[in-house]
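Below is one structure, written out as structure tokens; comments come after it.
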């Protein structure tokens, strides 16, 4: 197969959520780099939450919103100025700031309707991040009409950056693989394609069939994964396939240690896909030690029956 040139961000600009928190700052900085790599614009969105201050005239007063908008623009500009010097592409990114009153998740989903990427920060801190993710991020991931990146604080390896992608036998696997390859291309990173397989439990303490079956399963999964990678991406020296027994979410989180990005499919389907998030994707979004890109499958047309 002829190797294809990775596309630019589909749909245009990158939208980043900003709330002044460390997670919000990290999201904006990551989004700036993503916009620079894709050659597109960046919109920084600040939502003044009204659900906690019902009837608060200040939050709904246009003059108050204008004052907040000016203050936010200064803070965002100062933040981005620290990182624009990282390269000429970052310096050329056109940045706009939007301040609106509303419910944060609802407004972010609305603003991302025609965007190529939505970037949100994790509000979890320390060990609590493994069991708690900010409600805004958790609400945006399954509902946004575009791919979503949840940015966690990360400690990349000092060597060449890596992008990790989870590969399975779902219909969206090829799309997820291709998008991960495109991100790795933009980041000048290697690509780790990870497949998790479950070996059956032995039927008795004396049985040796399960280990043998497990080895055969891993060998078969490796062969099929390598064939799919060659078919989609061609022969590339910077792509590695790893097949490991265990629950997919745990295997992916383990491989994501030190990675620049983890790419997973949402595995939500049908007309209700905007309300669902697969358990593997959810676990990765909450527990991964690096930014996580979640891709949604194409929506099912209204005249196609779902099961």
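In full-length UniProt numbering, the protein residues as written are 1 to 307.
We put the beta carbon where it would ideally sit given N, CA and C, even for glycine.
Between which two residues does the beta strand (DSSP E) containing residue i stretch?
{"i": "residue 195", "result": "190 to 197"}
{"i": "residue 41", "result": "No beta strand (DSSP E) contains residue 41, which DSSP labels as neither H nor E."}
{"i": "residue 288", "result": "Here residue 288 belongs to no beta strand (DSSP E), and DSSP marks it neither H nor E."}
{"i": "residue 17", "result": "14 to 17"}
Let me see if you follow: with CB-CB separation under 8 Å, is residue i close to chain D or not?
{"i": "residue 288", "result": "The structure shown contains no chain D; it is built from a single protein chain."}
Hey, out of the options, whose CA is closest to residue i's CA?
{"i": "residue 185", "options": "135, 236, 141 and 218", "result": "236"}
{"i": "residue 221", "options": "234, 247 and 194", "result": "194"}
{"i": "residue 278", "options": "244, 261, 187 and 297", "result": "297"}
{"i": "residue 100", "options": "227, 72, 40 and 178", "result": "72"}
{"i": "residue 49", "options": "187, 102 and 189", "result": "102"}
{"i": "residue 28", "options": "190, 16 and 246", "result": "16"}
{"i": "residue 134", "options": "160, 105 and 109", "result": "105"}
{"i": "residue 177", "options": "224, 141 and 229", "result": "229"}
{"i": "residue 267", "options": "147, 81, 114 and 64", "result": "147"}
{"i": "residue 75", "options": "63, 95, 239 and 142", "result": "95"}
{"i": "residue 251", "options": "284, 231 and 223", "result": "284"}
{"i": "residue 109", "options": "139, 89, 80 and 70", "result": "139"}
{"i": "residue 188", "options": "21, 37, 247 and 26", "result": "37"}
{"i": "residue 239", "options": "216, 198 and 183", "result": "183"}
{"i": "residue 82", "options": "116, 40 and 32", "result": "32"}
{"i": "residue 282", "options": "168, 175 and 249", "result": "249"}
{"i": "residue 309", "options": "79, 192 and 215", "result": "Missing from the structure shown is residue 309; the chain here goes from 1 to 307 and no further."}
{"i": "residue 227", "options": "63, 77, 115 and 169", "result": "169"}
{"i": "residue 40", "options": "160, 161 and 89", "result": "89"}
{"i": "residue 77", "options": "25, 107 and 67", "result": "25"}
{"i": "residue 231", "options": "67, 258 and 175", "result": "175"}
I'd like to check one pair, residue j with residue i: are the Cβ atoms closer than 8 Å?
{"i": "residue 144", "j": "residue 118", "result": "yes"}
{"i": "residue 42", "j": "residue 13", "result": "yes"}
{"i": "residue 121", "j": "residue 23", "result": "yes"}
{"i": "residue 294", "j": "residue 264", "result": "yes"}
{"i": "residue 151", "j": "residue 260", "result": "no"}
{"i": "residue 19", "j": "residue 44", "result": "no"}
{"i": "residue 35", "j": "residue 93", "result": "yes"}
{"i": "residue 243", "j": "residue 218", "result": "yes"}
{"i": "residue 225", "j": "residue 256", "result": "no"}
{"i": "residue 141", "j": "residue 30", "result": "no"}
{"i": "residue 262", "j": "residue 292", "result": "yes"}
{"i": "residue 111", "j": "residue 98", "result": "yes"}
{"i": "residue 198", "j": "residue 245", "result": "yes"}
{"i": "residue 233", "j": "residue 173", "result": "no"}
{"i": "residue 196", "j": "residue 161", "result": "no"}
To which residues does DSSP link residue i through a beta bridge?
{"i": "residue 315", "result": "Residue 315 lies beyond the stretch modelled for the chain, which goes from 1 to 307, so this question has no answer here."}
{"i": "residue 162", "result": "190"}
{"i": "residue 262", "result": "164 and 292"}
{"i": "residue 151", "result": "121"}
The alpha helix (DSSP H) spanning residue i covers which residue range?
{"i": "residue 244", "result": "Run containing residue 244: none in the alpha helix (DSSP H); it sits in the beta strand (DSSP E), 239 to 245."}
{"i": "residue 167", "result": "Segment: none, residue 167 is in no alpha helix (DSSP H) and carries neither H nor E."}
{"i": "residue 249", "result": "248 to 255"}
Kindly examine the ligand PLP and report whether one of its heavy atoms sits closer than 7 Å to the Cβ of residue i.
{"i": "residue 22", "result": "Looking for the ligand PLP in the displayed structure turns up nothing, as the structure carries no ligands at all."}
If you scan the segment 72 to 147 from start to end, which runs of the alpha helix (DSSP H) of 4 or more residues do you find wholly inside it? 88 to 91, 104 to 111 and 135 to 143
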